[in-house]
Amino acid sequence: MRVVGHIAIATLLLAAMPSVRLAAQVSITTQEIDGRVQGGDTKNRRNLIQVAVPLLSVAPDSRASGMGDVGVASDPDVNSQHWNLSKYALIDKKWGISLSYIPWLRKLTKDINLAYLAGYYRIDKWQAVSGSLRYFSMGQMNFTDEQGQPISTHNPNEFALDVGYSRKFIEGFSGGVGFRFIRSDLTGGVAQANQTSKAGMSFATDVTLYYEKGLEVGHLPAEMAFGAAFTNIGSRLSYNGVHKYFIPATMRLGGRFSISIDDYNRLSGMLDASKLLVPTPPLYNADGTIAKGKNPDVGVAQGVFQSFADAPGGSLEEFHEMYWGTGIEYWYSELFALRFGYFYEHESKGGRQYFTIGAGVSYNVFTLDASYLIPTAGFNSPMANTVRFSLMVNFNEPAKKGKVKGNVPQVEGEEEAY
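Each residue of the sequence shown is one higher than the one before, counting from 50 in my numbering.
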């Protein structure tokens, strides 16, 4: 069986994250996915880490994607579920919901889309619950037999549904845990060599921390923040019951510094460093034995710890597996925002390198954000012209009886409403 469509799955995955080699033609086979790297220079060769369900690593919202895909330590917002759900425990609203839409890889095709729905509810001033749903549609693919005769068509799709709980431990410090169900249907059950394919499913967990602290810089109010997120730690996924693939377990570490220049102007700078917590493909001898590196066919827990010291190129290759995002955000009077960022990934691990720009408008309970991606490789990149749109709504709970909003002090002894 051959899978033939107007876009190769391999091309799609490469554009989404450093997981699969680029296919030369619009077709993919199981052997291509399981290909092994033999020989070569361990320092300079391309050695992409292979995972399933790369949509889990695609920045789903316009705010973060306008700042170089940073978000682990940015100000809490509705879309914190993807980046660091701990931030919900420190958000200053009662509840909110967000809808994001990404027309993906429009340089190559017209019907690949990612939709993302996220929301939260703050139970009280100490804790919050949250959730999100993302759906990735890859357009239509045609399946043929070995003679090239059509046998079926299918619309590959993937989705992830998750829930989270976050809690404030002390003032400015919070933690969170999330649980995720993942389903990936790439073939629609088409059989190959008397073996039926199936949708792959996985369960995963997120564990996150967030800290923020107010300070003064030259009599100007400022804030620093730090975040850590370990996401998509979960079971391996299989499409045929035989071969099992890691999902993109990821470690994100980041920081933020914000300063209010006056009552109207606020500026923030952010930096994120991320790494996949899955095994690196080793270097194989001609007879199939491992020449350098470690066996990648291990359990999830071992794979997480092994990922820090298993690259065949040694510590230098391990460092190259880090990918970086940095961005700045400017707000005027909490009404209008401008954003700029840069994302960098080493050539040997996928080579995604691009600038991002974004803008946002906020009025009353509504916020509308948009972002645009500019690859450093030029407009021949499959990611060129990628845009994202997000619409967010945040609400405060009505004041309790005896409490007045605005600048009028609340009734003595009454706690803030949640």
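Just so it is clear, CB atoms sit at the ideal spot from N, CA and C, and this is done for glycine as well.
Inset, instruction - Answer yes if the segment 259 to 277 comes into contact with the segment 229 to 247, meaning at least three C-beta pairs across the two stretches below 8 Å, and no otherwise. - result: no
Inset, instruction - Tell me where the alpha helix (DSSP H) around alanine 209 begins and ends. - result: Here residue 209 refers to the residue found at position 160 of the sequence shown. Looking at the DSSP string, alanine 209 is not in any alpha helix (DSSP H); the run it does join, the beta strand (DSSP E), is 206 to 219.
Legend entry - Residue environment, histidine 268, which counts as buried when at least 16 other CB atoms sit within 10 Å: For the purposes of this step, residue 268 is taken as residue 219 along the sequence shown, with counting starting at 1. The residue is exposed, with fewer than 16 neighbouring Cβ atoms inside 10 Å.
Legend entry - First through last residue of the beta strand (DSSP E) which encompasses serine 179: Counting from one through the sequence shown, the residue named residue 179 turns up at place 130. Run containing serine 179: 176 to 186, per the beta strand (DSSP E) assignment.
Inset, instruction - Counting only the same chain and skipping the five closest in sequence on each side, list residues whose C-beta sits under 6 Å from that of tyrosine 150. - result: Here residue 150 is taken as the residue at index 101 of the sequence shown, counted from 1. Once the five neighbours on either side are set aside, the close Cβ partners of tyrosine 150 are Ala164, Phe438.
Legend entry - threonine 425, buried or exposed, once every other Cβ within 10 Å from all chains shown has been counted against 16: Here the question's residue 425 lines up with position 376 in the sequence shown. Result: exposed.
Legend entry - Uninterrupted beta strand (DSSP E) stretches inside the segment 111 to 182 (no shorter than 3 residues): 144 to 152, 162 to 171
Legend entry - Beta-ladder partner(s) of glycine 318, from DSSP: The sequence position of residue 318 within the sequence shown is 269, counting from 1. Per DSSP, Phe306, Ile377.
Legend entry - Terminal residues of the beta strand (DSSP E) in which serine 251 lies: As a working note, residue 251 is residue 202 in the sequence shown. Its beta strand (DSSP E) spans residues 249 to 266.
Inset, instruction - Quick one: grab the DSSP three-state call for glycine 197. - result: Counted from its first residue, the sequence shown places residue 197 at position 148. Looking at glycine 197 - three-state DSSP - the assignment turns out to be coil, as it is neither helix nor strand.
Legend entry - serine 411, DSSP secondary structure in three states: As a working mapping, residue 411 is identified with position 362 in the sequence shown. In the structure shown, serine 411 sits in a strand (DSSP, three-state: E or B).
Inset, instruction - Could you tell me the boundaries of the alpha helix (DSSP H) in which phenylalanine 357 lies? - result: Stepping through the sequence shown from its first residue, residue 357 is reached at position 308. Note, phenylalanine 357: premise wrong, no alpha helix (DSSP H); not H, not E.
Legend entry - alanine 154 versus valine 266: straight-line alpha-carbon distance, rounded: The count along the sequence shown starts at 1 and reaches residue 154 at position 105. The count along the sequence shown starts at 1 and reaches residue 266 at position 217. Strictly speaking, residue 154 in this sequence is leucine, with alanine absent from that position. Approximately 43 Å between the Cα atoms of the pair.
Inset, instruction - Verify whether the separation of the beta carbon atoms of phenylalanine 444 and tryptophan 132 is less than 8 Å. - result: Position 395 of the sequence shown, counting from 1, holds the residue named residue 444. Position 83 of the sequence shown, counting from 1, holds the residue named residue 132. Against a cut-off of 8 Å, the Cβ pair of tryptophan 132 and phenylalanine 444 comes out as no contact.
Legend entry - Own chain, CB closer than 6 Å to tyrosine 288, minus 5 neighbours either side, in chain order: Position 239 of the sequence shown, counting from 1, holds the residue named residue 288. Contacts found: Ser246, Gly249.
Inset, instruction - Could you have a look at leucine 440 and say whether DSSP puts it in helix, strand or coil? - result: In the sequence shown, residue 440 corresponds to position 391, counting from 1. Note: leucine 440 maps to strand in three-state DSSP.
Inset, instruction - Kindly indicate which residue of Ala101, Asn96, Arg95 has the alpha-carbon position closest to the one of proline 297. - result: Against the sequence shown, residue 297 aligns to sequence position 248. With distances taken between Cα atoms, proline 297 lies closest to Ala101.
Legend entry - aspartate 160 to aspartate 312 span [Cα, whole Å]: Residue numbering aside, residue 160 sits at position 111 when the sequence shown is read from its first letter. Residue numbering aside, residue 312 sits at position 263 when the sequence shown is read from its first letter. Near 45 Å, if we compare the C-alpha coordinates of aspartate 312 and aspartate 160.
Inset, instruction - Throw me the rounded Cβ distance for the serine 215 and leucine 134 pair, which I believe falls under 8 Å. - result: Residue 215 sits at position 166 when you count from the first residue of the sequence shown. Residue 134 sits at position 85 when you count from the first residue of the sequence shown. Going by Cβ atoms, the distance from serine 215 to leucine 134 rounds to 5 Å, so yes, they are a contact pair.
Legend entry - Beta carbon of glycine 117 nearer than 8 Å to that of glycine 390: Position 68 of the sequence shown holds residue 117. Position 341 of the sequence shown holds residue 390. Their beta carbons are under 8 Å apart, which means glycine 117 touches glycine 390 by this criterion.
Inset, instruction - Could you check the C-alpha separation between leucine 166 and serine 147 for me, to the nearest Å? - result: Here residue 166 is taken as the residue at index 117 of the sequence shown, counted from 1. Here residue 147 is taken as the residue at index 98 of the sequence shown, counted from 1. For leucine 166 and serine 147, the distance between alpha carbons rounds to 6 Å.
Inset, instruction - Please classify histidine 292: does DSSP put it in a helix, a strand, or coil? - result: As a first step, residue 292 is located in the sequence shown; it is residue number 243 there, counting from the start. In the structure shown, histidine 292 sits in coil (DSSP, three-state: anything other than H, G, I, E or B).
Legend entry - serine 364: first and last residue of the uninterrupted alpha helix (DSSP H) it sits in: The count along the sequence shown starts at 1 and reaches residue 364 at position 315. It spans 363 to 369 - the alpha helix (DSSP H) in which serine 364 sits, taken as one unbroken run.
Inset, instruction - Can you give me the start and stop residues for the beta strand (DSSP E) that asparagine 270 sits inside? - result: Indexing the sequence shown from 1 puts residue 270 at position 221. Looking at the sequence shown, residue 270 is not asparagine but proline. Unbroken beta strand (DSSP E) run through proline 270: 269 to 283.
Legend entry - 6 Å CB neighbourhood of threonine 236 in its chain, flanking five on each side removed: To locate residue 236, count along the sequence shown from 1; it is residue 187. Around threonine 236: Ser246.
Legend entry - Residue range of the beta strand (DSSP E) that includes aspartate 311: Numbered from its first residue, the sequence shown carries residue 311 at position 262. Taken as a continuous stretch (DSSP letters only), aspartate 311 belongs to no beta strand (DSSP E), as it is neither H nor E.
Legend entry - Presumed contact (8 Å Cβ cut-off) between isoleucine 310 and leucine 302, rounded CB distance: Along the sequence shown, one-based indexing puts residue 310 at 261. Along the sequence shown, one-based indexing puts residue 302 at 253. Not really, about 28 Å apart at Cβ, beyond 8 Å.
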